[in-house]
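Trainee: Residue numbers (the working numbering), protein chains in the order written: chain A, 491 to 823; chain B, 811 to 1275.
I have a structure I would like to understand better, so I am pasting it below and will then ask my questions one at a time.
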């Protein structure tokens, strides 16, 4: 079997997941920050800043899940049953928050759909964090199928990851609001971004300590020689980016905080990839163990290499089309 | 209490997929209609086309949102509830779904943003082009999904090694024997579904004496389309049936309630298939009707249900009755379309109130026919999930029945809330009717689809109608 195909596919799915986490991250973050204003016109403004994008953003989740099935059917068939409840809760949470975009403006009282939007966004973020955390800790596998208990995912570490992701998405959402809005919403977002940044750094620190201490394989990956000589820039860069982010928020910059938040996310993500590679389902199944046959991976790869740049092209186009700030009371027409 | 995980997983999937298919059946046709209106608007510069385009786009937005969220659920259910299915046929079916995401989902989601929010930011041609791209995206999505489903019905282009399906010939896999028929049948069904919704809305307005110019445009466009597509569907369906007879004869036997293959088949207008006694009760039949349709010979023979053991048969009543529901609606559609065209030709379409009354109640016919058709083909494939490759009972995940039951209850409750509200809001939008652009600006409404519905609801409640 061509050894490089699964690696390419792992990179592609990793990219799709990163795209999802960043893009849907900021719009889920808007939902998480929603309860911190009581002013409906400000809430309208927050929602309008993401209305043209959220649907496309969520499509990356389908690509991530679909891609996993296409390229690594065995991993998909283990991960989904293992995280059965959090996955379904996440999906239902996304249903509620997705329709809340359209529904909240019609109800006599906005309370119900505001709640659906907040609860859906927060619960989706939390479930994703739980799934991620439980996956890092490992899944019980026998004969290529899930063989663990159905609440194995409910560990303190996974819950910590759930809270981390809520804080992280809120940070992205606040940075997005700084970039896309004006007036009181932006002012509040600056304060929120700082609080979220502190929370995120706390969480990243806790995860970075917890994983090597509890999982020897991860400690060895980071602290054995010569790995440590190559890997030391990751935490250093993270610290620098966090410092820059704080300064740019204080300096009232519009765009840089969002860029720095994305960089912070990517560095955290890189850290997790370094910890887990080459396992797709730690601690037993690698990308090669779970890969689809080369014929399937190649068939899909050809299309992906051709189509993904086109997709990225029009995703960039629509962000460019709706560039600039959304003002309070301004509608899209 | 012993819960059967297979049964629960099947109920759950049937529930979520039935809810989902309602929305694509509508949005595939509606996006094409919106794009058509856009092209007419560009060509004629007539405001009514633009007004109708904007009106239907609002309804499209609500429907599409519900289609998206219910579709994301499905793409994950293959793994959560059907993980053995994912492993055994993942090498073949997975890439087809992957191509759907890459060629269709992103296209639809992105250009829908332009269609909904971009009117003031892009030139008219790009606005209409976005509508066309959304329509093409929905059709493309249907292409890949139907290729995957058709392969599960009539697998081809693959080989089985160690119980796992491997791809051998991708063209053979995509264009498997039932795919062209299923694709034509479903696309046409989607256009018919939308056609009847548009027709019903037009008739509703005419009866109420509201938006009469727009209502006439809608009715003319709908009748013009339906008078061709409704009879065409009968032909496509017949061809699809012959194809099924060739590849899945037992499914056809269940559709026809045909037990004994050694005799010519009667066409049962009504009957009660009794699976235990292996016969039909209370049958009202056209003698040798099925043989005539399926073999073009009143004495022609085709396999009966008794040619395989009971464990190899699909659940006969659901296939049998769903087929009759679909067929009945199909014939009603043909009659309604032909009669409407005749009235139009006689110049009495907009004055024949009893006809308007009837069609104003027929908006749901397409949806029920689509669901019934899918029940026929999906139940008819049982006991297989992928015909001849994997049985449904062997396809499920190692998940306890209680988990499946719990999530099934969650799905029923959540979908019940979300989708009944969605349909309520769509109804509001329809009640509000098409509005000119100038009017929207005058009332200062943000052109969010639901915001418009909200205004309509507010108007209705405060009596400012």
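A virtual CB, placed ideally from N, CA and C, is assigned to each residue, including glycine.
All values reported here derive from a predicted model rather than from experimental measurement.
Name the chain B residues whose beta carbon is nearer than 9 Å to that of residue 507 of chain A?
Mentor: Those do not exist, as residue 507 of chain A stays about 14 Å from chain B at its closest Cβ, beyond 9 Å.
Trainee: Taking 8 Å as the threshold (C-beta atoms), are residue 902 of chain B and residue 977 of chain B in contact?
Mentor: Going by C-beta atoms, residue 977 of chain B is nearer than 8 Å to residue 902 of chain B.
Trainee: Would you report the Cα separation of residue 739 of chain A and residue 672 of chain A, rounded to the nearest angstrom?
Mentor: Looking at the two C-alpha atoms, the distance is approximately 14 Å.
Trainee: Mind listing which residues of the region 615-628 of chain A have their C-beta closer than 7 Å to chain B's C-betas, in chain order?
Mentor: Result list empty, no residue passes.
Trainee: For a contact meaning CB atoms closer than 8 Å, what does residue 746 of chain A contact in chain B?
Mentor: Residues of chain B passing the Cβ test: none, with the nearest at roughly 25 Å.
Trainee: Beta strand (DSSP E) containing residue 1084 of chain B: first to last residue?
Mentor: 1077-1084 is the extent of the beta strand (DSSP E) around residue 1084 of chain B.
Trainee: For the candidate residues B:931, B:1085, B:905, B:935, whose alpha-carbon lies nearest to that of residue 981 of chain B?
Mentor: That would be B:905, whose Cα lies nearest to the Cα of residue 981 of chain B.
Trainee: Mind listing which residues of the region 555-568 of chain A have their C-beta closer than 7 Å to chain B's C-betas, in chain order?
Mentor: Those would be 555, 556, 557, 559, 560, 563, 564, 566, 567, in chain order.
Trainee: Based on Cα-Cα distance, which residue from A:593, A:657, A:599 lies nearest to residue 614 of chain A?
Mentor: For the residues A:593, A:657, A:599, the minimum Cα distance to residue 614 of chain A belongs to A:657.
Trainee: Would DSSP call residue 813 of chain A helix, strand or coil?
Mentor: Three-state DSSP puts residue 813 of chain A in coil, outside helix and strand.
Trainee: Going by DSSP in three states, residue 722 of chain A sits in which element: helix, strand or coil?
Mentor: Of the three classes helix, strand and coil, the one that applies to residue 722 of chain A here is coil, per DSSP.
Trainee: What residues in its chain sit with their C-beta under 6 Å from that of residue 847 of chain B, if we drop five residues either side in the sequence?
Mentor: Excluding positions up to five away in sequence, the list reads 859, 862, 863.
Trainee: Under a Cβ-count criterion, where at least 16 other Cβ atoms within 10 Å of its own Cβ denotes burial, should residue 503 of chain A be classed as buried or exposed?
Mentor: The residue in question, residue 503 of chain A, is buried, as its Cβ has 16 or more Cβ neighbours within 10 Å.
Trainee: In the DSSP assignment, find the unbroken alpha helix (DSSP H) run with residue 1057 of chain B in it and report its ends.
Mentor: Start and end: 1022-1057.
Trainee: Strictly under 8 Å for the Cβ-Cβ distance: is residue 659 of chain A near chain C by that measure?
Mentor: Note that chain C does not occur in the displayed structure, where the protein chains are A and B.
Trainee: Quick one: is residue 783 of chain A near chain B, going by C-beta distance under 8 Å?
Mentor: Yes, residue 783 of chain A lies at the interface with chain B (some Cβ there is under 8 Å from its Cβ).
Trainee: Taking 7 Å as the limit between beta carbons, can you name the residues of its chain near residue 580 of chain A, skipping five residues before and five after?
Mentor: Cβ within range, chain order: 614, 617, 618.
Trainee: Please classify residue 887 of chain A: does DSSP put it in a helix, a strand, or coil?
Mentor: No information on residue 887 of chain A is available, as it lies outside the stretch 491 to 823 that chain A covers here.
Trainee: Which of the three DSSP states is assigned to residue 1140 of chain B in this structure?
Mentor: Three-state DSSP puts residue 1140 of chain B in a helix.
Trainee: Since residue 995 of chain B contacts residue 1050 of chain B with CB under 8 Å, what's their CB separation in whole angstroms?
Mentor: Right, the Cβ-Cβ distance comes to about 5 Å (below 8 Å), so this counts as a contact.
Trainee: Report the option in B:1172, B:933, B:1126 whose CA atom is closest to the CA atom of residue 1187 of chain B.
Mentor: Residue B:1126 is the option with its Cα nearest to residue 1187 of chain B.
Trainee: Return no unless some Cβ of chain B is closer than 8 Å to the Cβ of residue 541 of chain A.
Mentor: Chain B contact via Cβ: present.
Trainee: Which residues, in chain order, does the region 1227-1246 of chain B contribute to contact with chain A at a C-beta distance below 8 Å?
Mentor: Within the region 1227-1246 of chain B, the residues whose Cβ lies closer than 8 Å to some Cβ of chain A are 1228, 1231, 1232, 1235, 1238, listed in chain order.
Trainee: Rounded to a whole number of angstroms, what is the C-alpha to C-alpha distance between residue 505 of chain A and residue 659 of chain A?
Mentor: Roughly 18 Å between the two C-alpha positions.
Trainee: If the cut-off is 8 Å on Cβ atoms, which residues from the region 645-673 of chain A count as contacting chain B, listed in chain order?
Mentor: So the list is empty, because no residue satisfies the distance condition.
Trainee: Tell me which residues of the region 1175-1194 of chain B have at least one Cβ-Cβ distance to chain A shorter than 7 Å, keeping chain order.
Mentor: Under the 7 Å Cβ criterion, the region 1175-1194 of chain B contributes no residue.
Trainee: In this structure, does DSSP put residue 1194 of chain B in helix, strand or coil?
Mentor: Here residue 1194 of chain B sits in strand by DSSP.
Trainee: Leaving out the 5 sequence neighbours to the left and right, which residues in its chain are closer than 8 Å to residue 1254 of chain B when beta-carbon positions are compared?
Mentor: Since pLDDT at residue 1254 of chain B reaches only 36, below the 50 mark, its modelled position is unreliable, and the value read off the structure follows with that caveat. Here the set comprises nothing.
Trainee: Does residue 775 of chain A pass the burial test, meaning 16 or more other C-beta atoms within 10 Å, or should it be called exposed?
Mentor: By the neighbour-count rule (16 or more Cβ atoms within 10 Å), residue 775 of chain A is buried.
Trainee: Between residue 805 of chain A and chain B, is the shortest Cβ-Cβ distance under 8 Å, so that the two count as touching?
Mentor: Yes, residue 805 of chain A counts as interfacial toward chain B.
Trainee: Using a Cβ-Cβ distance under 8 Å, would residue 609 of chain A count as near chain B?
Mentor: False, the Cβ-Cβ gap to chain B never drops below 8 Å.
Trainee: For residue 896 of chain B, I'd like the list of residues in its chain whose CB is within less than 6 Å of its CB, leaving aside the five on either flank, ordered along the chain.
Mentor: Same-chain partners within the cutoff: 888, 889.
Trainee: With 16 other CB atoms within 10 Å as the buried threshold, where does residue 632 of chain A fall?
Mentor: Classification for residue 632 of chain A: exposed.
Trainee: Under 9 Å, CB to CB, which of the residues in the region 866-884 of chain B have a partner in chain A?
Mentor: So the list reads 871, 872, 874, 875, 876, 878, 879, 880, 881, 882, 883, given in the order they occur along the chain.
Trainee: Give the straight-line distance between the Cα atoms of residue 554 of chain A and residue 871 of chain B, rounded to the nearest whole angstrom.
Mentor: Distance between the alpha carbons of residue 554 of chain A and residue 871 of chain B is about 24 Å.
Trainee: Closer than 9 Å, Cβ to Cβ, to anything on chain A: give me those residues from the region 909-933 of chain B, in chain order.
Mentor: From the region 909-933 of chain B, only 909, 910, 911, 912, 913, 915, 916, 917, 918, 919, 920, 921, 922, 923, 924, 926, 927, 928, 929, 930, 931, 932 have a Cβ closer than 9 Å to chain A.
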